[in-house]
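Residue numbers (the working numbering), protein chains in the order written: chain A, -3 to 85; chain B, 69 to 435.
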């Protein structure tokens, strides 16, 4: 299967392994397999595949994940710049 | 459940069960919370036609199911509860895949928006889920305390907060509804493959109509201008030159939209570059090459060739812009990435269109 990856080294995803309780929720909710589990903690294994949807941070019970989430949509950004409401999808 | 009059709208729709007067309702099922609508698993012509129209952006914002609790098959207090958005296509995909099973379907009010987009906006969210569990009286309908959500709803729902707020445990199901039967049969376990959002050729092709409907009208708006200016600046009688330059402009606009809204989605993985504007640019160069191939042999005068080159520039820039716009429908772009791409791509696209327009006007004056 084709594995598409967007721009390199732009993603704002940050995982604090010290806070991670190893529940594995981020592995479950991530639609691009960005995380993997190792020695009882999650780690980021595919950072550039992250699309900043925010599902991992939203479902992390120990607040170990931070990401500036939003919709990666040019039209929404243009609307925002023109002072309109962000609308997308 | 009784209809409860509220202060503003006569009926508070949060507390009433969904109406039975929806095409997919085939009966009712008795529960401690009253009669719940029983839905059919088979999609009818009207459902399929509604889906096709929604793909073409016709009536899409009103393509919705009433929020609330529904039944499929003959569910009881042990049956699983599936949660979805009240976008009719989301609901239809779900009930089609649940054929032959006994389940509850709880529909959240997302304003008629699909699960993933609604989760991004927060309407498919923790608060709505907790409230909906409460107003449906779910704890009286089922004995267990588990709700199954589509995985793509996770961007709006915090499972641990739902548990705290409602006593119900959130289990995230697969990304695609078609994997639900295997997920249910496997004791609510999803395989790694079920958890990944793909972006296959098929998944990209279904997005083309909505891209076309968005791009074509906006692109056609500029055409009368090209006919008018072409007629005024070109040598010879107004009608002859307006037609000559206007028809070329119409072909060029079609090439632009074809490249940005059709070829870019189809050829996405194979177009060079990571930025969507670069991918759109390549698609634009492809269609521009077609235009050159058809028009160049007949263009004897240098001014005619300059006009064609001006269009190559504008097609490339326009296709790059439309390609960049496809980031919104794609399933791989990030907000940070799109912002970074736009910072350089938008100025370059604008500069290219402006220079293209200058060249085009120059070619007419030269002629």
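Glycine included, every Cβ here is placed at the ideal spot set by N, Cα and C.
Source: prediction; values computed, not measured.
Would you mind reading off the limits of the beta strand (DSSP E) that contains residue i?
{"i": "residue 232(B)", "result": "Here residue 232(B) belongs to no beta strand (DSSP E); instead the alpha helix (DSSP H) covers 227 to 234."}
{"i": "residue 150(B)", "result": "149 to 153"}
{"i": "residue 34(A)", "result": "31 to 34"}
{"i": "residue 28(B)", "result": "Residue numbering for chain B in the displayed model covers 69 to 435; residue 28(B) lies beyond these limits and cannot be assessed."}
{"i": "residue 87(B)", "result": "First-last for residue 87(B): undefined, no H or E at that position."}
{"i": "residue 238(B)", "result": "237 to 240"}
{"i": "residue 176(B)", "result": "171 to 176"}
{"i": "residue 216(B)", "result": "214 to 217"}
Taking 8 Å as the threshold (beta carbon to beta carbon), is residue i in contact with chain B?
{"i": "residue 16(A)", "result": "no"}
{"i": "residue 68(A)", "result": "yes"}
{"i": "residue 61(A)", "result": "no"}
{"i": "residue 47(A)", "result": "yes"}
{"i": "residue 11(A)", "result": "no"}
{"i": "residue 28(A)", "result": "yes"}
{"i": "residue 7(A)", "result": "yes"}
{"i": "residue 90(A)", "result": "Since the displayed chain A opens at -3 and closes at 85, residue 90(A) lies outside it and no answer follows."}
Note the first and the last residue of the continuous alpha helix (DSSP H) segment covering residue i.
{"i": "residue 37(A)", "result": "Counting along the chain, residue 37(A) falls outside any alpha helix (DSSP H), though it belongs to the beta strand (DSSP E) covering 37 to 40."}
{"i": "residue 267(B)", "result": "Note, residue 267(B): premise wrong, no alpha helix (DSSP H); not H, not E."}
{"i": "residue 348(B)", "result": "344 to 363"}
{"i": "residue 184(B)", "result": "183 to 189"}
{"i": "residue 324(B)", "result": "306 to 325"}
{"i": "residue 194(B)", "result": "194 to 203"}
{"i": "residue 281(B)", "result": "276 to 288"}
{"i": "residue 73(A)", "result": "70 to 77"}
{"i": "residue 332(B)", "result": "332 to 335"}
{"i": "residue 21(A)", "result": "21 to 25"}
Using a threshold of 8 Å, state whether the C-beta atoms of residue i and residue j are closer than that.
{"i": "residue 53(A)", "j": "residue 61(A)", "result": "yes"}
{"i": "residue 436(B)", "j": "residue 224(B)", "result": "For residue 436(B) there is no data in the structure shown, the boundaries of chain B being 69 and 435."}
{"i": "residue 461(B)", "j": "residue 165(B)", "result": "Given that chain B is displayed from residue 69 to residue 435, the structure contains no residue 461(B) and the question cannot be resolved."}
{"i": "residue 13(A)", "j": "residue 28(A)", "result": "no"}
{"i": "residue 42(A)", "j": "residue 30(A)", "result": "yes"}
{"i": "residue 346(B)", "j": "residue 269(B)", "result": "no"}
{"i": "residue 135(B)", "j": "residue 177(B)", "result": "yes"}
{"i": "residue 339(B)", "j": "residue 351(B)", "result": "yes"}
{"i": "residue 157(B)", "j": "residue 119(B)", "result": "yes"}
{"i": "residue 234(B)", "j": "residue 201(B)", "result": "yes"}
{"i": "residue 108(B)", "j": "residue 94(B)", "result": "yes"}
{"i": "residue 174(B)", "j": "residue 137(B)", "result": "yes"}
{"i": "residue 101(B)", "j": "residue 209(B)", "result": "yes"}
{"i": "residue 243(B)", "j": "residue 220(B)", "result": "yes"}
{"i": "residue 241(B)", "j": "residue 273(B)", "result": "no"}
{"i": "residue 349(B)", "j": "residue 384(B)", "result": "yes"}
{"i": "residue 317(B)", "j": "residue 280(B)", "result": "no"}
Counting only C-beta atoms, is residue i closer than 8 Å to chain A at any point?
{"i": "residue 427(B)", "result": "no"}
{"i": "residue 385(B)", "result": "no"}
{"i": "residue 263(B)", "result": "yes"}
{"i": "residue 165(B)", "result": "no"}
{"i": "residue 240(B)", "result": "yes"}
{"i": "residue 276(B)", "result": "no"}
{"i": "residue 435(B)", "result": "no"}
{"i": "residue 393(B)", "result": "yes"}
{"i": "residue 363(B)", "result": "no"}
{"i": "residue 321(B)", "result": "no"}
{"i": "residue 285(B)", "result": "no"}
{"i": "residue 227(B)", "result": "yes"}
{"i": "residue 329(B)", "result": "no"}
{"i": "residue 271(B)", "result": "no"}
{"i": "residue 290(B)", "result": "no"}
{"i": "residue 121(B)", "result": "no"}
{"i": "residue 416(B)", "result": "no"}
Could you check if residue i is buried or exposed, using at least 16 other CB atoms within 10 Å of its CB as the buried criterion?
{"i": "residue 15(A)", "result": "exposed"}
{"i": "residue 150(B)", "result": "buried"}
{"i": "residue 253(B)", "result": "exposed"}
{"i": "residue 434(B)", "result": "exposed"}
{"i": "residue 395(B)", "result": "buried"}
{"i": "residue 116(B)", "result": "exposed"}
{"i": "residue 260(B)", "result": "exposed"}
{"i": "residue 129(B)", "result": "exposed"}
{"i": "residue 172(B)", "result": "buried"}
{"i": "residue 163(B)", "result": "buried"}
{"i": "residue 401(B)", "result": "buried"}
{"i": "residue 306(B)", "result": "exposed"}
{"i": "residue 428(B)", "result": "buried"}
{"i": "residue 92(B)", "result": "buried"}
{"i": "residue 263(B)", "result": "buried"}
{"i": "residue 320(B)", "result": "buried"}
{"i": "residue 419(B)", "result": "exposed"}
{"i": "residue 35(A)", "result": "exposed"}
Counting only runs that start and end within the region 367 to 410 of chain B, where is the beta strand (DSSP E) found for 3 or more residues in a row?
none
Identify every run of the beta strand (DSSP E) within the region 106 to 155 of chain B, keeping only runs that are complete inside it and at least 3 residues long; order them along the chain.
136 to 140, 149 to 153
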